[in-house]
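**Q** I am attaching a structure below and will ask some questions about it afterwards.
Residue numbers (my numbering), protein chains in the order written: chain C, 4 to 431; chain X, 7 to 378.
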């Protein structure tokens with residue numbers, strides 16, 4: 004699965020488009036040191052991602068492959084937040100968990116060729132932690148849907164569905180508001196309950212059918228890439244050990260490789276105390292992180308403070324426009340920035356709706372113009388105090404565009420960080 | 007068991023609430039069908055095809071008139087050429103924002119109406135006598151703006167201009183070649199649309215990148231932002247001119263004929279016509295992008311988005327009409343009025359690029375730049 008995803012990424016030319024072509028990258032706060040490696044470097048990284056994903060799949064040098072995959076994948080994601088997607092974050096987390104769990108110690112090339120001990124049994128936590136991670140994704144995606152726009156206005160679904168009235172069979176129902184409400188409420192109910200349904204033995208098959216139907220439906224309606232595939236594949240872990248054993252038996256028959264049924268071998272971790280503490284902390288962090296938005300005032304969808312890493316999937320419809328102006332505090336005149344000179348269309352689009360990226364870009368502009376020589380017919384000076392302001396216009400849920408950032412604020416003087424951004428226009 | 011019951015109850019409750027909702031909705035009758043394919047077909051049949059047709063006819067007449075003029079130069083033939091040049095470039099304003107499909111394939115806009123023109127390049131081409139107009143480096147020396155120059159050469163009274171073409175066969179040949187190329191490009195696009203229209207009208211199952219709706223909206227927004235707001239007004243006014251923002255009057259459209267105000271008005275009127283689905287031939291309103299925006303209930307400041315767009319276009323047209331002189335002079339003598347005009351034009355950018363695209367679920371695929 005990771006292999007397909009990586010391959011798709013490379014084949015679509017996204018490596019070049021996203022990690023080589025841009026001249027500026029929106030790094031994460033605290034991770035500004037993460038830089039792309041240039042054309043050759045980035046292609047090597049993606050080639051290694053491909054190889055390590057095969058390594059994980061076949062269980063060959065499993066631990067090394069998993070670590071390599073995790074490090075490289077996370078590195079790539081950290082380069083530019085323009086490309087943030089919840090399911091990439093999910094892949095990062097799961098690949099991290101894969102390093103800890105002994106998923107390469109049964110029915111793998113490692114046990115076959117490298118004569119590593121094959122574990123037939125593994126402690127419950129090693130599977131539960133992955134189940135937990137999947138549960139978190141669904142449950143918090145569900146919690147995130149429990150908001151006024153989603154439940155009471157059925158937004159943004161109501162808007163999206165209006166454009167689907169010519170879909171086969173279901174199309175004619177798309178124009179009714181009720182359909183949007185049905186989808187919105189059913190979606191929320193699905194997300195909130197599916198982890199528990201999958202956990203219960205009795206309803207598991209029903210639950211998994213729901214998973215498949217739900218993801219296929221969303222894949223048909225929205226351009227969301229590999230996400231449905233990832234989820235349909237990953238949720239298989241909820242099935243019992245016997246089921247997976249059957250699959251393995253089936254595959255091994257196909258390749259006529261028999262796995263020697265040795266005596267029961269149980270995987271035990273030697274640093275259990277350290278590991279326990281770590282896992283408890285990890286679980287707490289996963290449970291708390293999505294709620295950090297309550298620490299910020301204002302409308303979450305408007306300010307997007309505490310929005311990322313919180314499993315907020317397909318929740319907002321937001322489009323923006325931002326035109327930057329640079330002046331020098333001691334000189335008359337100004338310059339209108341041509342965004343295309345520094346940003347790719349995708350970066351410009353994402354930046355225009357997200358305040359933290361607007362600020363980052365403003366700082367980049369400040370640094371670009373700092374100490375630059377301005378020579379015109381009537382004056383010549385060195386810019387020592389660039390003032391960066393933005394004329395922004397953003398629409399949320401088609402309620403009419405309005406400024407996102409206070410127009411007279413000098414963004415060059417505002418600091419990045421996790422504090423509340425007072426320079427965002429209030430929404431209500 | 008208890009869990010089962012709870013789940014069952016929730017599901018029941020859910021569906022009862024839904025059925026209530028549905029009843030009201032059907033009774034209230036507030037849902038109208040919107041047939042995207044019908045809208046696109048209306049736009050194609052009653053706007054795009056006849057607009058290209060008009061433009062083709064105009065370029066044909068212009069080419070004919072220029073033929074008459076260069077064969078037998080006279081002041082009256084010159085006046086005829088100028089008349090037809092004006093109606094051709096006015097017709098152009100109605101199709102300038104349709105840069106997708108066949109037009110995009112050959113870069114029709116850059117081949118047709120790039121400004122400012124490079125007058126020394128034109129002179130050079132005339133002198134050499136064997137220039138290849140198809141070369142991109144010659145885009146600044148051909149098209150409607152070169153005809154603008156060639157029919158209105160500065161400091162040349164009409165009689166001198168007639169004499170110039172009488173005496174210089176290479177100048178006459180160049181003028182003719184430029185007009186003929188306009189005609190050929192128009193014919194090419196017109197022909198291609200006859201077959202392209204089928205695919206285009208069918209390409210309406212969604213509004214994703216590459217769909218008809220996405221193409222239309224992107225082309226309209228891109229043309230307006232880059233070539234109208236910026237190209238026709240912003241750049242001449244000096245908004246983008248470095249730090250001092252000194253006006254650049256020579257960068258207006260149709261600098262030599264001083265026809266820019268009229269063309270700006272035609273441009274805004276054509277966009278208004280297009281957005282509201284008004285037929286080119288019969289002036290009848292049909293389904294349009296504005297109807298689509300109304301269907302999805304797009305709003306802007308407590309009014310319909312479509313109304314906000316229409317009134318902003320009207321404001322812009324009024325402000326152009328309030329200019330007391332050609333734009334190239336107004337940017338010097340009436341800078342404040344021009345700045346107000348530019349601000350009004352700027353306000354239309356987010357209405358198209360942000361509000362309209364969001365309402366129609368279209369992704370912007372272009373980036374505002376110098377556009378050539």
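Cβ atoms here follow ideal geometry from the backbone N, Cα and C, with glycine treated the same way. Since this is a predicted model, take the numbers as computed values, not measurements.
#1: For residue 15 (chain X), does the count of other Cβ atoms within 10 angstroms reach 16, so buried, or fall short, so exposed?
#2: Answer yes or no: does any C-beta atom of chain X fall closer than 9 Å to that of residue 441 (chain C)?
#3: Measure the alpha-carbon distance for residue 298 (chain C) versus residue 360 (chain C) and round it to whole angstroms.
#4: So with Cβ pairs under 9 Å, would you call residue 264 (chain C) a contact of chain X?
#5: Are any of the Cβ atoms in chain C nearer than 9 Å to that of residue 28 (chain X)?
#6: Whole-angstrom Cβ separation of residue 135 (chain C) and residue 286 (chain C), contact assumed at under 8 Å?
#7: What is the residue span of the beta strand (DSSP E) that residue 85 (chain C) lies within?
#8: In terms of residues, what are the limits of the beta strand (DSSP E) holding residue 396 (chain C)?
#9: Quick check: what's the CA-CA separation for residue 35 (chain X) versus residue 165 (chain C)?
#10: Closer than 8 Å, Cβ to Cβ, to anything on chain C: give me those residues from the stretch 238–270 of chain X, in chain order.
#11: Per DSSP, what are the beta-bridge partners of residue 324 (chain C) in this structure?
#12: Report yes or no: do the stretch 204–222 of chain X and the stretch 41–52 of chain X share at least 3 C-beta pairs separated by less than 8 Å?
#13: Name the DSSP beta bridge partners of residue 337 (chain C), please?
#14: Leaving out five residues on either side along the sequence, give the residues of the same chain with a beta carbon under 7 Å from the beta carbon of residue 251 (chain X).
#15: Comparing alpha-carbon positions, which option in X:65, X:326, X:185, X:87 lies nearest residue 97 (chain X)?
#16: Decide if residue 118 (chain X) is buried, meaning its Cβ has at least 16 other Cβ atoms within 10 Å, or exposed.
#17: For residue 216 (chain X) and chain C, any beta-carbon pair shorter than 9 Å?
#18: Short of 8 Å in beta carbon distance, which residues of its chain neighbour residue 350 (chain X), apart from the five on each side in sequence? Order them along the chain.
#19: Where residue 70 (chain X) and residue 178 (chain X) are concerned, what is the direct C-alpha to C-alpha distance, given to the nearest angstrom?
#20: Taking only three categories from DSSP, how would you classify residue 235 (chain X)?
#21: 9 Å is my cut-off, CB to CB: does residue 342 (chain X) come that close to chain C?
#22: Give me the Cβ distance between residue 127 (chain C) and residue 194 (chain C), rounded to the nearest whole Å; I'm assuming they're in contact under 8 Å.
#23: Using the beta-carbon count (16 or more within 10 Å), is residue 421 (chain C) buried or exposed?
#24: To the nearest angstrom, how far is it from the Cα of residue 130 (chain C) to the Cα of residue 237 (chain C)?
#25: How would you label residue 425 (chain C), buried or exposed, when you count the other beta carbons within 10 angstroms and need 16 or more for buried?
#26: Strictly below 7 Å CB to CB, what residues from chain C border residue 364 (chain X)?
#27: Answer yes or no: does any C-beta atom of chain C fall closer than 9 Å to that of residue 371 (chain X)?
#28: Answer with buried or exposed for residue 351 (chain C), where buried requires no fewer than 16 other C-beta atoms within 10 angstroms of its C-beta.
#29: Would residue 2 (chain C) and residue 390 (chain C) qualify as a contact pair, given that the criterion is a beta-carbon distance under 9 Å?
#30: According to DSSP, is residue 215 (chain X) part of a helix, a strand, or is it coil?
#31: Quick one: does residue 337 (chain C) have its CB under 9 Å from some CB of chain X?
#32: Would you kindly work out how many angstroms separate the C-alpha atoms of residue 150 (chain X) and residue 183 (chain C), rounded to a whole number?
#33: Quick one: what's got a C-beta closer than 6 Å to residue 145 (chain C)'s C-beta in the same chain, skipping five residues either side?
#34: Mind listing the chain C neighbours of residue 304 (chain X)? Cutoff is C-beta to C-beta under 7 Å, in chain order.
#35: How many Å lie between residue 345 (chain C) and residue 82 (chain C) at the Cα?
#36: Is it the case that the Cβ atoms of residue 311 (chain X) and residue 403 (chain C) are separated by a distance below 9 Å?
**A** For this structure:
#1: Taking the second chain and counting its residues from 1, one reaches residue 15 (chain X) at position 9. In this prediction, residue 15 (chain X) scores a pLDDT of 42, lower than 50, which makes its location untrustworthy; no coordinate-derived value is stated.
#2: Chain C is shown only over 4 to 431; residue 441 (chain C) falls outside these bounds and no answer can be derived.
#3: As a first step, residue 298 (chain C) must be located in the first chain, where it is residue number 295. As a first step, residue 360 (chain C) must be located in the first chain, where it is residue number 357. Cα-Cα distance, rounded: 20 Å.
#4: Position 261 of the first chain, counting from 1, holds the residue named residue 264 (chain C). Per-residue confidence for residue 264 (chain C) stands at a pLDDT of 49, beneath the threshold of 50, marking its modelled position as unreliable; the derived number appears in the next sentence. For residue 264 (chain C), the answer is no, since every Cβ of chain X falls outside 9 Å of its Cβ.
#5: Reading the second chain from its first residue, position 22 is the one you call residue 28 (chain X). Residue placement at residue 28 (chain X) cannot be trusted, given a pLDDT of 37 that sits under 50; what the coordinates show is reported in the next sentence. Interface residue, yes.
#6: Position 132 of the first chain, counted from the first residue, corresponds to residue 135 (chain C). Position 283 of the first chain, counted from the first residue, corresponds to residue 286 (chain C). So it is a contact: roughly 7 Å between Cβ atoms.
#7: Position 82 of the first chain, counted from the first residue, corresponds to residue 85 (chain C). Per DSSP, residue 85 (chain C) belongs to no beta strand (DSSP E) and is neither H nor E.
#8: Here residue 396 (chain C) is taken as the residue at index 393 of the first chain, counted from 1. Counting along the chain, the beta strand (DSSP E) containing residue 396 (chain C) begins and ends at 389–399.
#9: Sequence index remark: in the second chain, residue 35 (chain X) carries index 29 (1-based). Sequence index remark: in the first chain, residue 165 (chain C) carries index 162 (1-based). A caution first: residue 35 (chain X) carries a pLDDT of 37, below 50, which makes its placement in the model too unreliable to give a value.
#10: 245, 246, 248, 249, 250, 251, 252
#11: One-based indexing of the first chain puts residue 324 (chain C) at position 321. Note: residue 324 (chain C) sits in a beta bridge opposite C:396.
#12: yes
#13: Position 334 of the first chain, counted from the start, is the residue given in the question as residue 337 (chain C). Answer by DSSP bridge pairing, in chain order: C:330.
#14: For this step, residue 251 (chain X) is matched to residue 245 along the second chain. Correct list, in chain order: 244, 245.
#15: Locating residue 97 (chain X) in the second chain gives position 91, counting from the first residue. With distances taken between Cα atoms, residue 97 (chain X) lies closest to X:65.
#16: To locate residue 118 (chain X), count along the second chain from 1; it is residue 112. Looking at its Cβ environment, which holds 16 or more other Cβ atoms inside 10 Å, residue 118 (chain X) is buried.
#17: The residue labelled residue 216 (chain X) in the question sits at position 210 within the second chain. Output row for residue 216 (chain X): interface = no.
#18: Numbered from its first residue, the second chain carries residue 350 (chain X) at position 344. So the list reads 318, 321, 322, 325, once near-sequence residues are dropped.
#19: If you number the second chain from 1, residue 70 (chain X) lands on position 64. If you number the second chain from 1, residue 178 (chain X) lands on position 172. Distance between the alpha carbons of residue 70 (chain X) and residue 178 (chain X): 13 Å.
#20: For the purposes of this step, residue 235 (chain X) is taken as the residue at position 229 of the second chain. Looking at residue 235 (chain X) - three-state DSSP - the assignment turns out to be helix.
#21: Taking the first residue of the second chain as position 1, residue 342 (chain X) is located at position 336. So no, residue 342 (chain X) is outside the interface.
#22: As a first step, residue 127 (chain C) is located in the first chain; it is residue number 124 there, counting from the start. As a first step, residue 194 (chain C) is located in the first chain; it is residue number 191 there, counting from the start. At roughly 25 Å, the Cβ-Cβ gap does not stay under 8 Å, so residue 127 (chain C) and residue 194 (chain C) are not in contact.
#23: In the first chain, counting from the first residue as 1, residue 421 (chain C) sits at position 418. Counting Cβ neighbours within 10 Å, residue 421 (chain C) comes out exposed, since fewer than 16 surround it.
#24: The sequence position of residue 130 (chain C) within the first chain is 127, counting from 1. The sequence position of residue 237 (chain C) within the first chain is 234, counting from 1. Each residue's alpha carbon lies about 12 Å from the other.
#25: For the purposes of this step, residue 425 (chain C) is taken as the residue at position 422 of the first chain. Per the 10 Å Cβ criterion, exposed.
#26: On the second chain, position 358 is the one that residue 364 (chain X) refers to. Neighbours of residue 364 (chain X) on chain C, chain order: 320, 322, 398, 401.
#27: The count along the second chain starts at 1 and reaches residue 371 (chain X) at position 365. Judged by the 9 Å Cβ criterion, residue 371 (chain X) is in contact with chain C.
#28: Walking along the first chain from the start, residue 351 (chain C) turns up at place 348. Buried, since its Cβ has 16 or more Cβ neighbours within 10 Å.
#29: As shown, chain C starts at 4 and ends at 431. That puts residue 2 (chain C) outside it, with no answer to give.
#30: In the second chain, residue 215 (chain X) corresponds to position 209, counting from 1. Coil.
#31: As a working mapping, residue 337 (chain C) is identified with position 334 in the first chain. Yes, because at least one Cβ of chain X sits closer than 9 Å to the Cβ of residue 337 (chain C).
#32: Counting from one through the second chain, the residue named residue 150 (chain X) turns up at place 144. Counting from one through the first chain, the residue named residue 183 (chain C) turns up at place 180. Their backbone Cα atoms lie some 51 Å apart in a straight line.
#33: On the first chain, position 142 is the one that residue 145 (chain C) refers to. Cβ neighbours of residue 145 (chain C) beyond the five flanking positions: 191, 194, 195.
#34: In the second chain, counting from the first residue as 1, residue 304 (chain X) sits at position 298. Under the 7 Å cutoff, chain C gives 401.
#35: Along the first chain, read from residue 1 onward, the residue named residue 345 (chain C) stands at position 342. Along the first chain, read from residue 1 onward, the residue named residue 82 (chain C) stands at position 79. So the alpha carbons of these two residues sit roughly 16 Å apart.
#36: Position 305 of the second chain holds residue 311 (chain X). Position 400 of the first chain holds residue 403 (chain C). Contact: yes.
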